[in-house]
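Position in the sequence shown (from 1) plus 62 gives the number in the numbering used here.
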Amino acid sequence: MSFPAAPATPDEVIDDALRSRIRDDVEARVGLDEREVTSRARFLAAYDDLDDPLSQESSPIHVTGSGIVVGPRGVVMLKHKRLGIWLQPGGHVDPGETPWAAALRESAEETGLDVSFAGPFDADGVPELIHLDVHAGGRGHTHLDLRYLIDGGTSDPAPPDGESQEIGWFSWHDAIELADPGVETILRHLAPSG
63 MSFPAAPATP DEVIDDALRS RIRDDVEARV GLDEREVTSR ARFLAAYDDL DDPLSQESSP
123 IHVTGSGIVV GPRGVVMLKH KRLGIWLQPG GHVDPGETPW AAALRESAEE TGLDVSFAGP
183 FDADGVPELI HLDVHAGGRG HTHLDLRYLI DGGTSDPAPP DGESQEIGWF SWHDAIELAD
243 PGVETILRHL APSG
């Protein structure tokens, strides 16, 4: 199955195949903890009622994409400029984008790293959803955040002006200690044992 790179016009709503794909991916998540289980239920309760769930313009409730950026040096975390908490890179889905493409783009934009998907991948080669969280996004918005595993390589983050400059590679232990509770569980799950 393939998904179009972009709709014919920016105001065109999400196509049925992508809408179904996102719903199926979320339905398949079991949840690593109570927060993710609750987020899954909240996502599914809101999702079908949204005209264009990927557009921040059509509703204050919308899907976002985030990358859990990992590499031999550990995990990349950044301090959110407005919220003041330590998070993974991520943000809004641009017109014509999938949530996983948004996760990769935002990870590159916010870190300045040469990033790629780290897997796992489904039979179609699409990155699998590894975590989700529903949370307040500021300005009265609710983010239905879908998270994907991103390989950040080994270079030092070099975010451009306008992005958070409080960013770096952290050991798994330090990232878990520093992370917002909405990120902590997936980091614990992914952390190498030992």
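All C-beta atoms, glycine included, are put in the ideal place defined by N, C-alpha and C.
| Item | Value |
| --- | --- |
| Buried or exposed (CB count within 10 angstroms, at least 16 for buried), proline 151 | buried |
| Unbroken stretches of the beta strand (DSSP E), 3 residues or longer, contained in the stretch 73-104 | none |
| Exposure of valine 132, with buried meaning 16 or more beta-carbon neighbours within 10 Å | buried |
| Glycine 244 (DSSP reduced to helix, strand or coil) | helix |
| Span of the alpha helix (DSSP H) around serine 169 | 161-173 |
| beta-carbon arginine 91 near the ligand ADP non-hydrogen atom, thresh 6 Å | For the ligand ADP, the structure offers nothing, since it holds no ligand at all. |
| Which residues DSSP lists as bridging isoleucine 130, in chain order | Leu211 |
| Close Cβ partners of serine 117 (< 7 Å) along its chain, the five nearest in sequence each way excluded | His124 |
| 8 Å CB neighbourhood of glutamate 246 in its chain, flanking five on each side removed | Ile238 |
| Residue of Ser82, Gly127, Ser233 and Leu191 minimising C-alpha distance to aspartate 169 | A small correction: the amino acid at residue 169 is serine; aspartate does not occupy that position in the sequence shown. The residue with the shortest Cα to Cα distance from serine 169 is Gly127. |
| Terminal residues of the beta strand (DSSP E) in which phenylalanine 232 lies | 229-232 |
| Helix, strand or coil at leucine 249 [DSSP, three-state] | helix |
| Inter-residue Cα distance where the pair is aspartate 213 and leucine 94 | 21 Å |
| Isoleucine 84 versus proline 222: straight-line alpha-carbon distance, rounded | 31 Å |
| Short Cβ contact (7 Å threshold) for threonine 216 with proline 115 | no |
| Exposure label - proline 254; buried when at least 16 CB within 10 Å | exposed |
| Three-state secondary structure (DSSP) of histidine 124 | strand |
| Under 7 Å between C-beta atoms of aspartate 195 and aspartate 207 | yes |
| Between the CA atoms of threonine 100 and histidine 197 - distance to the nearest angstrom | 11 Å |
| For serine 178: DSSP bridge partner residues | Asp213 |
| Classification of phenylalanine 105 by the beta-carbon crowding that lies within 10 angstroms, buried from 16 upward | buried |
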